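Residue numbers (the UniProt record's numbering), protein chains in the order written: chain A, 1 to 87; chain B, 1 to 87.
The beta carbon of each residue, even a glycine, is placed where N, CA and C say it ideally should be.
Predicted, not measured: the structure shown is a model, and the values here were computed from it.
To start, the structure under review is shown below, and the notes come after it.
Below, the structure written as structure tokens:
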């Protein structure tokens, strides 16, 4: 931890490669996020054994962005339905 | 579109590379997701100009997974607060 700015450094392993992540998030959270990405990469690799690592990582990012955007859209919809119900 | 199983094929460009995404999601959604990943890669590259493309893609996946997991946790918390409020 950096004493000046409360910055945590967390070293994680993703697909066999070490990354040191700096930021304000607690190490525990960084580890959960990293394990999510690592396991998603391995899952996609299993289905597409001939992918190189760059494409694999891009597909992992796409897959995760899909889940994020889908959840975000669902939330917006729920909120707008709630507002309609309150009228 | 595949006539048998309602599978859409959408070709997108991410960080200068073409990807054909197959799946049941509408092309419009695949494009939104792809633009999100493409712009996030460019944003991270600006801050870290010496990253190779694989690491850049992994960091993009991490960044997106962080947003997804943070939103998912917030949702869980909201739901548990709502349940507590109903007691």
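Just checking my contact of residue i with residue j at CB under 8 Å: how many whole Å lie between their CB atoms?
i	j	result
residue 17 of chain A	residue 11 of chain A	Not a contact, Cβ separation roughly 11 Å.
residue 58 of chain B	residue 57 of chain A	5 Å
residue 14 of chain A	residue 34 of chain A	6 Å
residue 53 of chain A	residue 60 of chain B	Not a contact, Cβ separation roughly 13 Å.
So, helix, strand or coil for residue i, using DSSP?
i	result
residue 85 of chain A	helix
residue 8 of chain B	strand
residue 19 of chain A	strand
residue 39 of chain B	helix
residue 80 of chain B	helix
residue 66 of chain A	helix
residue 25 of chain B	coil
residue 51 of chain A	coil
At a CB-CB cut-off below 7 Å, which residues of chain B make contact with residue i?
i	result
residue 84 of chain A	Those within 7 Å of residue 84 of chain A in chain B number zero; the least Cβ separation is about 19 Å.
residue 60 of chain A	61
residue 34 of chain A	62
residue 54 of chain A	53, 54, 57
Using DSSP bridges, identify the partner residues of residue i.
i	result
residue 13 of chain A	A:18
Using a Cβ cut-off of 8 Å, pull out every chain B residue sitting near residue i, in sequence order please.
i	result
residue 9 of chain A	Those do not exist, as residue 9 of chain A stays about 14 Å from chain B at its closest Cβ, beyond 8 Å.
What does residue i touch in chain A if you count any residue whose Cβ is under 8 Å from its own?
i	result
residue 88 of chain B	Since the first and last residues shown for chain B are 1 and 87, residue 88 of chain B lies out of range.
Output, in chain order, the set of chain B residues within a Cβ distance shorter than 9 Å of residue i.
i	result
residue 44 of chain A	The contacting residues do not exist; residue 44 of chain A stays about 10 Å from chain B at best.
Do the segment 71-78 of chain A and the segment 39-52 of chain A touch if we need at least three Cβ pairs shorter than 8 Å? no
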